[in-house]
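These protein sequence lines map, in sequence, to chains A and E. Quick note: the working numbering has the first sequence finishing at residue 327, numbered continuously throughout. Quick note: the working numbering has the second sequence finishing at residue 322, numbered continuously throughout. Every residue, glycine too, gets a C-beta built ideally from N, C-alpha and C. Structure, as structure tokens:
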Amino acid sequence: MSTTSLTRGLGWAYLLLGFVFIFLPVGVLVLFSFTARDVPLPPFEGPSLQWYARILGNERMVEALINSVLLAGVSSLVATTLGFLGAYGIARNPGRFDGLKRYVIMAPITVSYLIVGMGLLVTFHVLGVPKSLWAVGAGHVVINLPLCFSIILAGLGEHQRNIERAAQDLGASDLQALWRVTVPVMRPSLFAAYCLAFTLSWDEFIIAFLLTRFDVTLPVMLFELLRGGSSPELNAAGSVVFVISVSVVLAAVALTFRKKSPG
Amino acid sequence: MSTTPTSDRPAGQPGPPRLFRSELTRWASAPTLLWTAIFFAAPLVFMLMVSTWKRYRGKLLPEWSLANYEKIFSKSYLLEGLFNSVEVSLTTALVSALVAYPLAYVLAYQVPARWQRVLLILAVLPFWTSYLVRSYAWSVVLGDNGIINSFLIAVSIIDDPVQLNYRRAATVLGFVHFFTMLLTLTIYANLVQIKSSYRLAAADLGASRFQTFLRITLPLSMPGIMVGVFITFVICMGDFITPQILGGSNELLLPQAIILQINRAADFPMASAMSVLLMLTVTVGYFAMARWLRLDRV
């Protein structure tokens, strides 16, 4: 009996230690974004909001932030739409090549972001396509498609097919059934996919680094800033990135679970 | 392609439901497949092609040769990046799995069910700090005047700060932090799917808790471990930021070497060849673990 409680105690201790390890960098990041000193190092003095004021007053930083939000907003919309179409086609029109189609759509997940970015960089370079936020967006859709596709495919169940059939029996065309029945019913999955894609796109670094020149995103901007050494300004910007990402994720989790519970 | 008219089939008649035959569902996947073909598959083929070209007086010379690959394998400093990357990635995967498994185990079997979801969400929350910011945060923690050195000096374990940044261990630490979260998730998802009756049966048949773990739980949780290990390997092999910020430039990993070719030398063919090598290495990793990974069944 005592060995059991000992192992349970060890289990809890390990869990606590694990959480300390997981949260240490985030905690330090956020804490020292409020420092009154010039360096993000102990001892902590403050709290002060000067570093947040500094980044909000930095025009290039705000511009990069807007670029990142635009990029994530648009590329995630495309990724979610294409992920949905891919999943819809496979779920509703089963055929011999389904395995192959799934494999093709999922393939980018087996490849590093660096490779996706390098492929686009080399191709655009040779074809003479200039670097731009659009090029980055194309890459972000590629990396997010597999995730959107698999989340949405998992949500396209058999009972929904029955509702679609009912709609069609009642005279709805395919397109009407898709737009007025399938899409509304699928809203939780679509929303979850969109949010996940958004958070992954908006702080993605390497593809944005390779494919932009002037219209840089926030992570690229932070990387440039980092070359000048550590500064509480980076802590503040990093905390903002973290808070926005976590808000999007928690909103997605909350909405997805709320939609699920009555059904 | 021939299409079956759909509107004249009476409702409820057996046979393929009419939805299956519609033009809309037939072509719905096409844009998705097309996007992947144009912006993923084609650029990779292009990169493969460019990797056999040469750079001559600042321009690309489209002449087929394997010179770039020969150069990689004959110049040790180029090949070293690959070896360093494989070593760091495998070390990371191993250490992360060792750290994450007990976490997932305690979460799945010891924590009361109603707390599990909350703790799990908490455990992956820092996942959403950008990896750039996370690496930066670690570099501050590990710095000469950072939290760890300050603490060790305060409790008199050391007198002078120890250099923790800009070495391989710092890169591995940064990676392990990230992948502990990921592996905890994949292993937990696997552990909660194992029927408790298996473990009860083993206990009934006289197995000790340790034997039960070793012969029932561990083998059944291998898929969860391997999925996590594979994702870890893929991401580690291709990550530029973590080694750049935490490891510095004393010892280059393959992605750092690739970016150097782009930014310093503007040698696209060479960078392409090294990227192809990176891809091949990951592919080899995939086949080594293929029995646990079923991508087409996601």
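When the Cα atoms are used, what is the spatial distance from residue i to residue j?
{"i": "E:Trp88", "j": "E:Ala295", "result": "16 angstroms"}
{"i": "A:Lys165", "j": "E:Leu57", "result": "7 angstroms"}
{"i": "A:Leu105", "j": "E:Arg191", "result": "20 angstroms"}
{"i": "E:Asn274", "j": "E:Thr266", "result": "14 angstroms"}
{"i": "A:Ala19", "j": "A:Arg251", "result": "The question about residue 19 of chain A has no answer here: the residues shown for chain A are numbered 65 through 327."}
{"i": "A:Thr263", "j": "E:Ser98", "result": "42 angstroms"}
{"i": "A:Ile179", "j": "A:Phe161", "result": "27 angstroms"}
{"i": "A:Ile215", "j": "E:Ile182", "result": "50 angstroms"}
{"i": "E:Gly309", "j": "A:Thr246", "result": "39 angstroms"}
{"i": "E:Trp152", "j": "A:Trp76", "result": "25 angstroms"}
{"i": "E:Phe107", "j": "E:Ser163", "result": "24 angstroms"}
{"i": "E:Pro293", "j": "A:Tyr177", "result": "19 angstroms"}
{"i": "A:Val317", "j": "E:Thr210", "result": "18 angstroms"}
{"i": "E:His201", "j": "A:Phe306", "result": "16 angstroms"}
{"i": "E:Asp32", "j": "A:Arg156", "result": "Low per-residue confidence applies at E:Asp32: pLDDT is 47, beneath 50, and the placement is therefore not dependable, though the value from the model is reported in the following sentence. When rounded, the distance between both Cα atoms is 20 angstroms."}
{"i": "A:Ser69", "j": "E:Ile240", "result": "22 angstroms"}
{"i": "A:Gly73", "j": "E:Tyr133", "result": "13 angstroms"}
{"i": "E:Asp168", "j": "E:Gln187", "result": "6 angstroms"}
{"i": "E:Asn173", "j": "A:Pro107", "result": "12 angstroms"}
{"i": "E:Gln217", "j": "E:Val135", "result": "16 angstroms"}
{"i": "A:Thr187", "j": "E:Ala124", "result": "39 angstroms"}
{"i": "A:Ala315", "j": "A:Ser253", "result": "13 angstroms"}
{"i": "E:Pro29", "j": "E:Phe70", "result": "Legend: pLDDT at E:Pro29 = 46, less than 50; position of this residue unreliable, value from coordinates given subsequently. Taking the straight line from one Cα to the other gives about 42 angstroms."}
{"i": "E:Ser180", "j": "A:Thr71", "result": "32 angstroms"}
{"i": "A:Arg291", "j": "E:Tyr222", "result": "54 angstroms"}
{"i": "E:Pro279", "j": "A:Leu282", "result": "21 angstroms"}
{"i": "E:Val251", "j": "E:Thr208", "result": "11 angstroms"}
{"i": "A:Arg334", "j": "E:Arg315", "result": "No information on residue 334 of chain A is available, as it lies outside the stretch 65 to 327 that chain A covers here."}
{"i": "A:Thr67", "j": "E:Arg138", "result": "25 angstroms"}
{"i": "A:Phe87", "j": "E:Pro150", "result": "7 angstroms"}
{"i": "A:Thr174", "j": "A:Tyr258", "result": "21 angstroms"}
So that I know if they touch, is there some Cβ in chain E lying closer than 7 angstroms to that of residue i?
{"i": "A:Asp330", "result": "The structure shown does not extend to residue 330 of chain A, since chain A spans only 65 to 327, so no value can be given for it."}
{"i": "A:Pro106", "result": "yes"}
{"i": "A:Arg156", "result": "yes"}
{"i": "A:Tyr78", "result": "yes"}
{"i": "A:Ser309", "result": "yes"}
{"i": "A:Lys165", "result": "yes"}
{"i": "A:Leu319", "result": "no"}
{"i": "A:Ser294", "result": "yes"}
{"i": "A:Asp238", "result": "yes"}
{"i": "A:Phe269", "result": "yes"}
{"i": "A:Met182", "result": "yes"}
{"i": "A:Tyr152", "result": "yes"}
Taking 7 angstroms as the CB-CB limit, is residue i close to chain A?
{"i": "E:Asn274", "result": "no"}
{"i": "E:Thr60", "result": "yes"}
{"i": "E:Tyr80", "result": "no"}
{"i": "E:Met246", "result": "no"}
{"i": "E:Val119", "result": "no"}
{"i": "E:Ile265", "result": "yes"}
{"i": "E:Val112", "result": "no"}
{"i": "E:Ala91", "result": "no"}
{"i": "E:Pro373", "result": "Beyond the ends of chain E as shown, which are 25 and 322, falls residue 373 of chain E; an answer cannot be given."}
{"i": "E:Trp139", "result": "no"}
{"i": "E:Gly309", "result": "no"}
{"i": "E:Tyr160", "result": "yes"}
{"i": "E:Thr153", "result": "yes"}
Can you check DSSP and say which residues form a bridge with residue i?
{"i": "A:Arg160", "result": "Bridge partners of A:Arg160: none, in fact."}
{"i": "E:Leu84", "result": "E:Arg79"}
Beta carbon of residue i: closer than 6 angstroms to some heavy atom of the ligand MG?
{"i": "E:Arg315", "result": "With respect to the ligand MG, the structure offers nothing, as it holds no ligand at all."}
Could you please give the first and the last residue of the uninterrupted beta strand (DSSP E) stretch that includes residue i?
{"i": "E:Tyr80", "result": "Lys78 to Tyr80"}
Would you give the residue range spanned by the alpha helix (DSSP H) that residue i belongs to?
{"i": "E:Ser89", "result": "Looking at the DSSP string, E:Ser89 is not in any alpha helix (DSSP H), and its letter there is neither H nor E."}
{"i": "A:Gln114", "result": "Gln114 to Gly121"}
{"i": "E:Phe254", "result": "Met246 to Gly262"}
{"i": "E:Ala124", "result": "Ser100 to Tyr133"}
{"i": "E:Val308", "result": "Phe292 to Ala312"}
{"i": "E:Trp139", "result": "Ala137 to Ala147"}
{"i": "A:Arg277", "result": "Looking at the DSSP string, A:Arg277 is not in any alpha helix (DSSP H), and its letter there is neither H nor E."}
{"i": "A:Gln224", "result": "Glu222 to Asp233"}
{"i": "A:Glu268", "result": "No alpha helix (DSSP H) contains A:Glu268, which DSSP labels as neither H nor E."}
{"i": "E:Gly19", "result": "Look at the range of chain E in this structure, 25 to 322, and you will see that residue 19 of chain E is not part of it."}
{"i": "E:Ser159", "result": "Tyr155 to Leu166"}
{"i": "A:Thr187", "result": "Tyr177 to Leu191"}
{"i": "E:Asn189", "result": "Per DSSP, E:Asn189 belongs to no alpha helix (DSSP H) and is neither H nor E."}
{"i": "E:Asp184", "result": "First-last for E:Asp184: undefined, no H or E at that position."}
{"i": "A:Pro210", "result": "Leu197 to Gly219"}
I'd like to know whether the C-beta of residue i is nearer than 7 angstroms to at least one C-beta of chain C.
{"i": "A:Ser176", "result": "The chain labelled as chain C is not found among the protein chains of the depicted structure, namely A and E."}
> Fully enclosed by the stretch 212-239 of chain E, which alpha helix (DSSP H) runs are 4 residues long or longer?
Replying inline: The qualifying runs are 220-228 and 233-236.
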